[in-house]
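The structure appears right after this line, and notes come after that.
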Amino acid sequence: MNEQREIMELLDRYVKGTLSEGEITEVENRIREDESFRALADEHILLTRNLQAYGRRNEMKTKLEALHADFQKPVVSLPVRGWKRYKTLSAVAASVAVVSIAATLWITQNLRSQQNSDYQELRRTVDKIQKSQSALEKNLTRKPVVAPQFAATGFLISAQGYVITSQHVISKADSVYIQNEKYGSLKAVVVHSDPLNDVSVLKIVTPVKLQSVPYTLSQTEAELAEGVYTLGFPREEVVFGEGSISSLTGYRANPNAYQVSVPVNPGNSGGPLLNNQGDLIGMITGVQTQTAGATFAIKSSVLKEILADSVLDSLQAPIRLPKTNTIRNANRIQQVKKLRECVFLVNVYKN
Amino acid sequence: MYQTDFAAVANYFDELILAEIRKKNEAALGELYKTHYPMAVHLVCSNSGTEQEAKDIFQEAVIVFYERAQQPDFVLTCKIKTYLYAVCRRLWLKRLTERKRFDVSIPEAEAFDRMEEEMTEVVESEMNFQRMRDSLQALGEPCRTIIEDFYIRDFSMEIIREKFGYTSADNAKNQKYKCLQRLKKLFFGERNVT
Numbered sequence: 405m406n407e408q409r410e411i412m413e414l415l416d417r418y419v420k421g422t423l424s425e426g427e428i429t430e431v432e433n434r435i436r437e438d439e440s441f442r443a444l445a446d447e448h449i450l451l452t453r454n455l456q457a458y459g460r461r462n463e464m465k466t467k468l469e470a471l472h473a474d475f476q477k478p479v480v481s482l483p484v485r486g487w488k489r490y491k492t493l494s495a496v497a498a499s500v501a502v503v504s505i506a507a508t509l510w511i512t513q514n515l516r517s518q519q520n521s522d523y524q525e526l527r528r529t530v531d532k533i534q535k536s537q538s539a540l541e542k543n544l545t546r547k548p549v550v551a552p553q554f555a556a557t558g559f560l561i562s563a564q565g566y567v568i569t570s571q572h573v574i575s576k577a578d579s580v581y582i583q584n585e586k587y588g589s590l591k592a593v594v595v596h597s598d599p600l601n602d603v604s605v606l607k608i609v610t611p612v613k614l615q616s617v618p619y620t621l622s623q624t625e626a627e628l629a630e631g632v633y634t635l636g637f638p639r640e641e642v643v644f645g646e647g648s649i650s651s652l653t654g655y656r657a658n659p660n661a662y663q664v665s666v667p668v669n670p671g672n673s674g675g676p677l678l679n680n681q682g683d684l685i686g687m688i689t690g691v692q693t694q695t696a697g698a699t700f701a702i703k704s705s706v707l708k709e710i711l712a713d714s715v716l717d718s719l720q721a722p723i724r725l726p727k728t729n730t731i732r733n734a735n736r737i738q739q740v741k742k743l744r745e746c747v748f749l750v751n752v753y754k755n
Numbered sequence: 020m021y022q023t024d025f026a027a028v029a030n031y032f033d034e035l036i037l038a039e040i041r042k043k044n045e046a047a048l049g050e051l052y053k054t055h056y057p058m059a060v061h062l063v064c065s066n067s068g069t070e071q072e073a074k075d076i077f078q079e080a081v082i083v084f085y086e087r088a089q090q091p092d093f094v095l096t097c098k099i100k101t102y103l104y105a106v107c108r109r110l111w112l113k114r115l116t117e118r119k120r121f122d123v124s125i126p127e128a129e130a131f132d133r134m135e136e137e138m139t140e141v142v143e144s145e146m147n148f149q150r151m152r153d154s155l156q157a158l159g160e161p162c163r164t165i166i167e168d169f170y171i172r173d174f175s176m177e178i179i180r181e182k183f184g185y186t187s188a189d190n191a192k193n194q195k196y197k198c199l200q201r202l203k204k205l206f207f208g209e210r211n212v213t
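So the sequence lines, in the order shown, correspond to chains C and U.
Note that the first sequence covers residues 405 to 755 in our numbering.
Note that the second sequence covers residues 20 to 213 in our numbering.
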């Protein structure tokens, strides 16, 4: 037993590194040659390593606990002295604040409705179709299928299943389904919304194998008079429309949008805007009602920024944007053929 | 105008944090902790866990990252967030499996270099840690303190002898030897006790 103890002590010092150089070589030689010694040494080294790891880990854990307590500590507010003296004054201040906030809200609400009279968002209301459909359904004596309330367009931006559409289309939606000829109907959820730029990012949740996206997001600003085209769903069937960039700013000189001369109708919202090379340069959002042929599209650079934002605070993997434009050298007909597979009719259901 | 490369900026911060953590800078550790803690809470709480459990899991992950960062061969091949997420995910799935819950699916992290190997190591080292904790628990006093003093706190035998009031150095060494043998038996199990 004493011999064993000696061995252990030798190994302790070997592990702790307090042996002289000569002794180290001696131990290492023994490890190489003596099999039972090697087994002992291996076991001992493994155990001490684990002990040390255990110690380090416990130490870290205490440190992290302290850190955690530190950053969860509530902010201590200083005691307010002479509070009673200012009681009436602060009551007055608070009521002024309430009144002014209410007034501001009311005014901005008003302004917004005025704006809307001039600017029209292009979602399509499906009421009429719903009526005729339910009439048909009655004849069939089947449970009526609930028709969507709004319809618009959306397009694929990543083979991971991310789809971009207009925010005004899906705002307050209960559920969103997208469909096209290639993939049929797919359920999607809203993962990010940017009401200011009128852009929403959807993610397809129905398991489906998506093909890669043929177009890329244009890095550069489009040129004035550049030829552009779009695909959209102003009705159940996909509709092609073309025109050119008429202005590099949007409605009321909005620098985040283009004005384009593409004929669009309600339902075209969220449609992709592409140039002759098949680069995505924007997304259709709305029209100006007083002016003929003034359609607005949000710029691709803004879309890109929104896409980067959309995963900033979520657990989703970052969106992998398409890197190569596979329709650059194709003619318009071939481009559209490819593009059709990536453009969806977005059906929005609400209560 | 909108050409800011978000990925590059994020990478720059990650590298900065990693470099500071290598220098054992506690402020950087705190920053890392604060930045990514909500991610872990979200992950665990949205998969039938509590915030307390999220904290445990997250601290494990931070320790793993910290230890890995100290190793000279460690190269960051992904975002720190991705790494921590992958570790949290794996550890949480393991806990759920232990509770016989197999119906949970947590979205996979974005893959990175040597992810599978890393994760296997993570799980293994966690298991070793738990086994060591249980072994030390079962060892009882005063053995536990003697072993911890000698191997973890690096006290000399002389100090230990004084602390526990052994009359001779030989007595203390004998006691330590016996404790160590028992710990070996507990830690390695019955399979290869020499």
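Every residue, glycine too, gets a C-beta built ideally from N, C-alpha and C.
Owing to the predicted nature of the structure, the values given are computational and were not obtained by experimental measurement.
Next item on the list: Leaving aside the five residues before and after Q681/C along the sequence, list all residues of the same chain whose C-beta is less than 8 Å from its C-beta, in chain order.
Entry: Taking the first sequence and counting its residues from 1, the one referred to as residue 681/C is at position 277. Counting only Cβ-Cβ distances below 8 Å, and skipping sequence neighbours, we find N729, R732.
Check: Under the rule that 16 or more other beta-carbon atoms within 10 Å means buried, what is S124/U, buried or exposed?
Finding: Here residue 124/U is taken as the residue at index 105 of the second sequence, counted from 1. S124/U should be labelled exposed.
Next item on the list: State the start and end residues of the unbroken alpha helix (DSSP H) segment that holds I702/C.
Entry: Walking along the first sequence from the start, residue 702/C turns up at place 298. Where I702/C is concerned, there is no enclosing alpha helix (DSSP H), although the beta strand (DSSP E) it sits in stretches over 699-703.
Checklist line | Residues near E627/C by beta carbon distance below 8 Å, same chain, minus five either side | finding: Indexing the first sequence from 1 puts residue 627/C at position 223. Excluding positions up to five away in sequence, the list reads I649.
Check: Along chain U, in chain order, which residues have C-beta atoms closer than 7 Å to that of Q456/C?
Finding: For this step, residue 456/C is matched to residue 52 along the first sequence. Ordered by position in chain U, the residues that pass the 7 Å Cβ test against Q456/C are Y170, I171.
Checklist line | 8 Å contact criterion, which V573/C and A556/C should meet: CB distance rounded | finding: Position 169 of the first sequence, counted from the start, is the residue given in the question as residue 573/C. Position 152 of the first sequence, counted from the start, is the residue given in the question as residue 556/C. About 4 Å; that satisfies the 8 Å criterion.
Next item on the list: Could you work out which residues of chain C lie near R133/U, taking near to mean beta carbons separated by less than 8 Å?
Entry: By 1-based counting over the second sequence, the position of residue 133/U is 114. Correct list: empty, because the minimum Cβ distance to chain C is about 18 Å.
Next item on the list: Rounded to whole angstroms, what's the CA-CA distance from E177/U to I411/C? Just pull it up for me.
Entry: Here residue 177/U is taken as the residue at index 158 of the second sequence, counted from 1. Here residue 411/C is taken as the residue at index 7 of the first sequence, counted from 1. So the two alpha carbons sit approximately 19 Å from each other.
Checklist line | Terminal residues of the alpha helix (DSSP H) in which N584/C lies | finding: For the purposes of this step, residue 584/C is taken as residue 180 along the first sequence, with counting starting at 1. Careful: N584/C lies outside any alpha helix (DSSP H), inside the beta strand (DSSP E) at 579-584.
Next item on the list: Determine the extent of the beta strand (DSSP E) in which E136/U is found, giving its start and end residues.
Entry: Mapped onto the second sequence, residue 136/U falls at position 117. E136/U -> not in any beta strand (DSSP E); alpha helix (DSSP H) instead, spanning 134-158.
Check: Are the CB atoms of T699/C and N658/C nearer to each other than 9 Å?
Finding: Numbered from its first residue, the first sequence carries residue 699/C at position 295. Numbered from its first residue, the first sequence carries residue 658/C at position 254. For T699/C and N658/C, no; Cβs fall outside 9 Å.
Note to self: Using a Cβ-Cβ distance cut-off of 9 Å, determine whether P548/C contacts chain U.
What the structure shows: Against the first sequence, residue 548/C aligns to sequence position 144. Note that P548/C scores a pLDDT of 49, beneath 50, so its modelled location is shaky and nothing firm can be said.
Notebook entry, point to check: From this set, Y185/U, N147/U, K195/U, which residue's C-alpha is nearest K207/U's C-alpha?
Noted result: As a position in the second sequence, residue 207/U is number 188, starting the count at 1. The question names Lys, but residue 207/U is Phe in the sequence shown. With distances taken between Cα atoms, F207/U lies closest to N147/U.
Check: Just the Cα atoms here: how many angstroms apart are V740/C and G68/U?
Finding: By one-based count along the first sequence, residue 740/C stands at place 336. By one-based count along the second sequence, residue 68/U stands at place 49. For V740/C and G68/U, the distance between alpha carbons rounds to 48 Å.
Checklist line | Span separating the alpha-carbon of T101/U from that of R453/C | finding: Against the second sequence, residue 101/U aligns to sequence position 82. Against the first sequence, residue 453/C aligns to sequence position 49. Between T101/U and R453/C, the C-alpha separation is close to 28 Å.
Checklist line | Proximal residues of chain C, C-beta to C-beta of Q78/U below 7 Å | finding: The residue you call residue 78/U lines up with position 59 of the second sequence. Those within 7 Å of Q78/U in chain C are K465, L468.
Margin query: Within 10 Å of its beta-carbon, does K53/U have 16 or more other beta-carbons around it, so buried, or fewer, so exposed?
Written below: Locating residue 53/U in the second sequence gives position 34, counting from the first residue. Looking at its Cβ environment, which holds fewer than 16 other Cβ atoms inside 10 Å, K53/U is exposed.
Note to self: Is it buried or exposed, A674/C, if we count other Cβ atoms within 10 angstroms and call 16 or more buried?
What the structure shows: Looking up residue 674/C in the first sequence gives position 270. Note that residue 674/C is Gly in the sequence shown, not Ala. So G674/C ends up on the buried side.
Margin query: Let me see if you follow: with CB-CB separation under 9 Å, is K113/U close to chain C or not?
Written below: Counting from 1 along the second sequence, the entry for residue 113/U is found at position 94. No, K113/U lies away from the interface with chain C (no Cβ there is under 9 Å from its Cβ).
Next item on the list: Tell me whether L711/C is buried or exposed, calling it buried when 16 or more other Cβ atoms sit within 10 Å of its Cβ.
Entry: By one-based count along the first sequence, residue 711/C stands at place 307. Per the 10 Å Cβ criterion, buried.
Next item on the list: Evaluate T139/U with the Cβ neighbour count: other Cβ atoms within 10 Å of its Cβ, from every protein chain shown; 16 or more gives buried, anything less gives exposed.
Entry: In the second sequence, counting from the first residue as 1, residue 139/U sits at position 120. The residue is exposed, with fewer than 16 neighbouring Cβ atoms inside 10 Å.
Item checked: Short CB-CB distance (under 9 Å) between T689/C and chain B -> Note that chain B does not occur in the displayed structure, where the protein chains are C and U.
Next item on the list: Could you tell me the distance, in whole angstroms, from the CA atom of A473/C to the CA atom of L590/C?
Entry: Reading the first sequence from its first residue, position 69 is the one you call residue 473/C. Reading the first sequence from its first residue, position 186 is the one you call residue 590/C. If you take the alpha carbons of A473/C and L590/C, they lie about 46 Å apart.
Check: When the distance is taken between beta carbons, is E646/C closer than 9 Å to V666/C?
Finding: Here residue 666/C refers to the residue found at position 262 of the first sequence. Here residue 646/C refers to the residue found at position 242 of the first sequence. In contact: V666/C and E646/C (Cβ atoms closer than 9 Å).
Item checked: C-alpha distance - S499/C paired with L509/C, whole-angstrom precision -> Here residue 499/C corresponds to residue number 95 of the first sequence, with the count starting at 1. Here residue 509/C corresponds to residue number 105 of the first sequence, with the count starting at 1. Straight-line Cα distance between these residues: approximately 15 Å.
Margin query: Between R409/C and chain U, is the shortest Cβ-Cβ distance under 9 Å, so that the two count as touching?
Written below: The residue you call residue 409/C lines up with position 5 of the first sequence. Judged by the 9 Å Cβ criterion, R409/C is in contact with chain U.
Margin query: Do K703/C and G686/C have their beta-carbon atoms positioned less than 9 Å apart in this structure?
Written below: Position 282 of the first sequence, counting from 1, holds the residue named residue 686/C. Position 299 of the first sequence, counting from 1, holds the residue named residue 703/C. Contact flag set, yes.
Check: So is I179/U in contact with chain C if we call contact Cβ pairs under 9 Å?
Finding: The sequence position of residue 179/U within the second sequence is 160, counting from 1. No, because no Cβ of chain C sits closer than 9 Å to the Cβ of I179/U.
Next item on the list: Let me know the alpha helix (DSSP H) ranges lying completely inside the stretch 158-185 of chain U, each 4 residues or longer, listed in chain order.
Entry: 162-166, 176-183
Notebook entry, point to check: Are any of the Cβ atoms in chain C nearer than 9 Å to that of E140/U?
Noted result: Position 121 of the second sequence, counted from the start, is the residue given in the question as residue 140/U. It does not: the Cβ of E140/U has no partner Cβ on chain C nearer than 9 Å.
Checklist line | Neighbour list for R461/C in chain U, Cβ cutoff strictly below 7 Å | finding: As a first step, residue 461/C is located in the first sequence; it is residue number 57 there, counting from the start. Neighbours of R461/C on chain U, chain order: I82, F148.
Margin query: Please report the distance separating the alpha-carbon of R460/C from that of C746/C.
Written below: For the purposes of this step, residue 460/C is identified with residue 56 of the first sequence, where counting begins at 1. For the purposes of this step, residue 746/C is identified with residue 342 of the first sequence, where counting begins at 1. One C-alpha to the other measures close to 53 Å.
Check: Considering only C-alpha positions, which residue in the set A157/U, G184/U, K182/U is nearest to C198/U?
Finding: Taking the second sequence and counting its residues from 1, one reaches residue 198/U at position 179. C198/U has its Cα closest to that of A157/U, out of A157/U, G184/U, K182/U.
Item checked: Per DSSP, the bridge partner or partners of R114/U -> For the purposes of this step, residue 114/U is taken as the residue at position 95 of the second sequence. Per DSSP, none; premise fails for R114/U.
Check: How would you call T466/C, buried or exposed, if buried means at least 16 neighbouring beta carbons within 10 angstroms?
Finding: For this step, residue 466/C is matched to residue 62 along the first sequence. That one is exposed.
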